[in-house]
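Student: Once you've had a glance at the structure underneath, I'll fire off some questions.
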Amino acid sequence: MSSLKEDKNKLREEYKRRRATFVSQMDAASRGLAFRRPPSPLANLFAQCDVIALYSAYGSEAPTASLIEYLAEMGKIIAFPVVMGSEPLEFRAVSNIDLLDVGYQNILEPPSTCDSVTPDLIVTPLTAFDRSLRRLGQGGGHYDRTFQKYPDAKRMGLAWSVQEAAEIPFEPHDVTLHGIVTERELIE
């Protein structure tokens, strides 16, 4: 019998492959258009929030560039995560995404000169998800610790539809999302 950790690691590898294959079969224009404008319920949520934490998409993750532009047009404060070792992520406000620099695991992050902020909404990447709004991340627990630090922040996942699993193994420290946006639908 395999452990829950082993099960999660197997799922991570499987869904990373699925995601990479799916994205490799898309042309650049289709990929960029997939998350260009949020569905109405998400747009309404954006309108209610002042500080929105996004991530800089890496590899085959669901792209955030169009959302960044959309939120900037709305005048929102856009923040990006900084990995602080085993501590919860720190979010720093960025007025110009050109300020982002290579950080932890080659992921773009804001410099220390950017102000730390408390997000109203955290848009998170994920490796896989299920209809119960459970997410499977990279395995470091960064976002689960962060969700516990900011319990009042709404938690929204951004993913490709091929990342949907029948069921994600769930442990006591795992935190569910409030919703997940794919290129096809909003799951709440």
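The sequence shown maps to residues 0 to 187 in numbering that gives the first Met the number 0. Even glycine gets a Cβ: it sits at the ideal position worked out from N, Cα and C.
(1) Cutting at 7 Å between CB atoms, please list the residues of its own chain near Val81, excluding the five before and the five after it.
(2) According to DSSP, Lys153 sits in a beta bridge with which residue or residues?
(3) My output table needs one value for Ser131: the three-state DSSP class, helix, strand or coil.
(4) To the nearest angstrom, how far is the alpha carbon of Val161 from that of Arg130?
(5) Would you list the residues sitting across from Val180 in a DSSP beta bridge?
(6) In chain order, which continuous runs of the alpha helix (DSSP H) of length 4 or greater are located wholly inside the segment 3-50?
(7) For Glu170 and Tyr149, what's the separation of their Cα atoms in angstroms?
(8) Provide the residue(s) that pair with Phe146 in DSSP beta bridges, ordered along the chain.
(9) How long is the line joining the alpha carbons of Val174 and Arg133, rounded to whole angstroms?
(10) Whose C-beta lies closer than 8 Å to the C-beta of Ala46 among residues of the same chain, with five residues either side of it excluded?
(11) In this structure, what does DSSP give as the bridge partners for Ser59?
(12) Beta carbon of Thr123, beta carbon of Arg154: below 8 Å?
(13) Straight-line CA distance for Met0 to Thr181?
(14) For Arg30, which option in Gly84, Asp119, Thr63, Gly138 has the closest C-alpha, if you only look at C-alpha atoms?
(15) Distance, Cα to Cα, Thr20 vs Thr126?
(16) I need the DSSP call for Glu72, collapsed to helix, strand or coil.
(17) Compute the distance between the beta-carbons of Tyr57 and Ile121, then report whether it is under 8 Å.
Tutor: According to the structure shown:
(1) Leu88, Glu89, Arg91, Gly102, Glu108, Pro109
(2) Leu120
(3) coil
(4) 13 Å
(5) Leu157, Leu185
(6) 3-23, 27-32, 39-47
(7) 19 Å
(8) Its beta-bridge partners do not exist; DSSP assigns none.
(9) 7 Å
(10) Met73
(11) Note: Ser59 sits in no beta bridge, so no partner.
(12) yes
(13) Confidence is the limiting factor: at Met0 the pLDDT is only 43, short of 50, which leaves the residue's position unreliable and the question unanswerable from this model.
(14) Thr63
(15) 13 Å
(16) helix
(17) no
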